[in-house]
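In full-length UniProt numbering, the protein residues as written are 1 to 163.
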């Protein structure tokens, strides 16, 4: 059973990992504030790893869910990958030292999925970000060329002959 970091004590106060939340509130400079538990994050990731044991899987964290650099760095150290959907998220993931080759693969996969549902603009953004992350990702260049040819056919306003 997954242990949770927050508990309510008999004194009526809320505690996080044994720290009285009221005491933390009294020393922070800004409000509202976010209180995270590093041990809880670790427990959560370990639970996912245990559940996925034996499967060919990667635990990917969506940067847009929380862009706190310290949390991102901790997740990377725990072996998580970064799930990206924008150039700014890519910059943050690189700043947190995520492996850019696995991030490029995630962008490429997202771009490929966007192509399937004919979201060409989104696909181009994702593929361009994947190429920027890993210029050696030749399949991304081919997909991007395919999208541009498709757009030429759709709009017939211009013709691209070489890539």
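By construction, the Cβ of each residue, glycine as well, lies at the ideal position given by its N, Cα and C atoms. No experiment lies behind these values; they were computed from the predicted model shown.
Tell me which residues share the same chain as residue i and place their Cβ nearer than 6 angstroms to its Cβ, disregarding the 5 neighbours each side in the sequence.
i           : result
residue 163 : Its pLDDT being 42, under 50, residue 163 is placed unreliably in this model, and the coordinates cannot settle the point.
residue 58  : 81
residue 40  : 5
residue 140 : 108, 127, 130, 131
residue 10  : none
residue 87  : 129
residue 48  : 59
Please state the DSSP three-state secondary structure of residue i.
i           : result
residue 68  : coil
residue 119 : coil
residue 54  : coil
residue 61  : strand
residue 144 : helix
residue 93  : helix
residue 111 : helix
residue 45  : helix
residue 170 : This structure leaves residue 170 out entirely; the chain is present only between 1 and 163.
With residue i as the anchor, note down where its beta strand (DSSP E) starts and where it stops.
i          : result
residue 14 : 14-16
residue 28 : Taken as a continuous stretch (DSSP letters only), residue 28 belongs to no beta strand (DSSP E), as it is neither H nor E.
residue 6  : 6-8
Leaving out five residues before and five after residue i in sequence, what residues of the same chain have Cβ atoms less than 7 angstroms from its Cβ?
i           : result
residue 20  : 13
residue 96  : 69, 72, 73, 76
residue 24  : 35
residue 143 : 111, 112, 115, 127
Taking 8 angstroms as the limit between beta carbons, can you name the residues of its chain near residue i, skipping five residues before and five after?
i           : result
residue 60  : 80, 81, 82, 83, 106
residue 17  : 5, 37, 39, 40
residue 67  : 89, 92
residue 15  : 6, 7, 8, 9, 21
residue 45  : 59, 75, 78, 79, 80
residue 150 : 120
Please determine whether the Cβ atom of residue i lies at a distance below 6 angstroms from any heavy atom of the ligand PLP.
i          : result
residue 11 : Summarising the ligand content, the structure contains no ligands, and the ligand PLP is consequently not present.
Between residue i and residue j, which are expected to be in contact by the criterion C-beta below 8 angstroms, what is the C-beta distance as a whole number of angstroms?
i         : j          : result
residue 3 : residue 31 : Not confirmed; about 28 angstroms, so no contact.
For residue i, which of the options has the nearest alpha-carbon?
i          : options         : result
residue 62 : 99, 85, 51, 122 : 85
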